[in-house]
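Numbering-wise, the sequence shown is residues 690 to 983 according to this note's numbering. Positions of the beta carbon are idealized from the N, C-alpha and C atoms, including for glycine. Shown next, in structure tokens, is the structure this report addresses.
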Amino acid sequence: MLVRTLRVILLTGILGLLAWQLTSVGWGEVLRNLPVHPLFYLFFLMLYVLLPIAESFIYRVTWEFDVVKAFPALIKKRIFNKDVVGYSGEVYFFDWARRQVTLPKRRIAETIRDNNIISSVASTVVSVVLLSVFLTVGELSLDRLVGRRMVMWLLLSGVVFVILIPVWIRFRRFLFSMEWRSAGIIMLIQVARLITGQMLQIGMWAVVMPDVPLTVWFTYAAVSIILSRIPFLPNQMLVFTSIGLGLSGPLSVAQAPLASMLVVAAGLDKILNLTLFGLITLTGRDRRAAEQPA
Numbered sequence: 690m691l692v693r694t695l696r697v698i699l700l701t702g703i704l705g706l707l708a709w710q711l712t713s714v715g716w717g718e719v720l721r722n723l724p725v726h727p728l729f730y731l732f733f734l735m736l737y738v739l740l741p742i743a744e745s746f747i748y749r750v751t752w753e754f755d756v757v758k759a760f761p762a763l764i765k766k767r768i769f770n771k772d773v774v775g776y777s778g779e780v781y782f783f784d785w786a787r788r789q790v791t792l793p794k795r796r797i798a799e800t801i802r803d804n805n806i807i808s809s810v811a812s813t814v815v816s817v818v819l820l821s822v823f824l825t826v827g828e829l830s831l832d833r834l835v836g837r838r839m840v841m842w843l844l845l846s847g848v849v850f851v852i853l854i855p856v857w858i859r860f861r862r863f864l865f866s867m868e869w870r871s872a873g874i875i876m877l878i879q880v881a882r883l884i885t886g887q888m889l890q891i892g893m894w895a896v897v898m899p900d901v902p903l904t905v906w907f908t909y910a911a912v913s914i915i916l917s918r919i920p921f922l923p924n925q926m927l928v929f930t931s932i933g934l935g936l937s938g939p940l941s942v943a944q945a946p947l948a949s950m951l952v953v954a955a956g957l958d959k960i961l962n963l964t965l966f967g968l969i970t971l972t973g974r975d976r977r978a979a980e981q982p983a
């Protein structure tokens with residue numbers, strides 16, 4: 690209850706700050722600079738379905754099921770994790786899989802757990818590598834971007850991660866049950882997904898504001914990566930939009946088109962989430978798939 694209350698308070702504060710920032714830019718200017726390039730919307734849709742598509746292949750490595758019929762369930766899994774709370778999507782997906790996949794419940798739960806572990810490792814490694822690249826060629830250093838205290842926390846997280854490696858190796862049989870070959874394939878899929886996601890995101894920004902140097906978008910990508918590693922952050926896209934507007938001055942980016950682009954992306958994500966969740970739930974597409982095992 691306390692966590693939910695804090696999330697609501699934080700989200701309200703974010704919305705208030707964002708409204709103030711957009712008012713400062715000028716709502717008329719924001720509306721006049723709405724993205725019109727078709728590639729922006731194409732890249733957005735590709736980015737939206739990237740995770741469900743990747744997870745279709747990921748779970749197909751270890752389970753036998755109809756990928757097409759599973760897609761609505763994977764869409765809902767994404768929505769639960771993005772708009773409800775982290776890992777609520779895994780709870781929903783376990784309930785779906787136990788009726789769809791002809792495996793014991795414990796085996797299904799272990800597979801979902803192992804996939805999350807692989808995803809965390811892949812995202813951590815890729816985030817560190819991309820963050821290093823983006824901050825090296827970007828416009829701001831890490832300490833200017835997030836503050837020295839956050840830099841210390843990031844370094845401490847890296848140290849803890851390294852320390853935990855021997856612990857992981859020692860107790861891996863109790864913490865991880867997937868075959869290493871399957872784990873390796875899933876790791877490659879996750880890495881490809883993460884890199885593709887960053888390319889699509891930077892592509893979205895670049896087609897709308899082509900005059901802005903790529904180094905600026907690398908800086909924004911670095912911010913996005915940092916936010917993605919913060920647990921229990923309410924509505925990452927709105928937080929990113931607010932921080933992005935705050936960085937527009939130091940990075941010499943025109944505020945109106947930037948605000949329009951970021952707000953449209955955040956708004957489209959919410960609209961798609963609400964629409965698809967409603968359609969899938971009302972039509973029972975995920976339930977029908979579960980009732981017809983492959």
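Item, Value
"Contacting residues, own chain, Cβ-Cβ under 7 angstroms from LEU866 (five flanking each side not counted)", "Before going further, note that residue 866 is Ser rather than Leu in the sequence given. GLU799, ASP803, listed in sequence order."
"Inter-residue spacing [alpha-carbon to alpha-carbon] between LEU654 and LEU877", "As shown, the chain starts at 690 and ends at 983. That puts residue 654 outside it, with no answer to give."
"For LEU792, the three-state DSSP class (helix, strand or coil)", "coil"
"Supposed close pair LEU947, LEU934 - CB separation, criterion 8 angstroms", "7 angstroms"
"Outcome for THR712 when other beta-carbon atoms lying within 10 angstroms are tallied against a minimum of 16", "exposed"
"For ALA955 and LEU723, the rounded distance between their alpha carbons", "13 angstroms"
"Buried versus exposed, by CB contacts within 10 Å (16 or more), THR776", "This sequence places Tyr at residue 776; Thr is not what is there. Exposed."
"Option nearest LYS765 by Cα separation, candidates TRP752, GLU753, VAL757, PHE782", "PHE782"
"Enclosing alpha helix (DSSP H) for ALA954 [first to last residue]", "944-972"
"Three CB pairs or more closer than 8 angstroms across the region 747-765 and the region 719-734", "no"
"Sequence-distant residues of the same chain with beta carbon closer than 7 angstroms to ILE914, five excluded per side", "SER816, LEU819, LEU820"
"Option in SER871, ASP784, VAL780 with minimal Cα separation from PHE746", "SER871"
"Alpha helix (DSSP H) segments (min. 4 residues) lying fully within the region 753-777", "756-772"
"Nonlocal neighbours in the same chain, by C-beta distance under 8 angstroms from GLY705, ignoring five residues either side", "none"
"Contact set for VAL790: own chain, Cβ-Cβ below 8 angstroms, skip 5 residues either direction", "TRP752, GLU753, PHE754, ILE797, PRO982"
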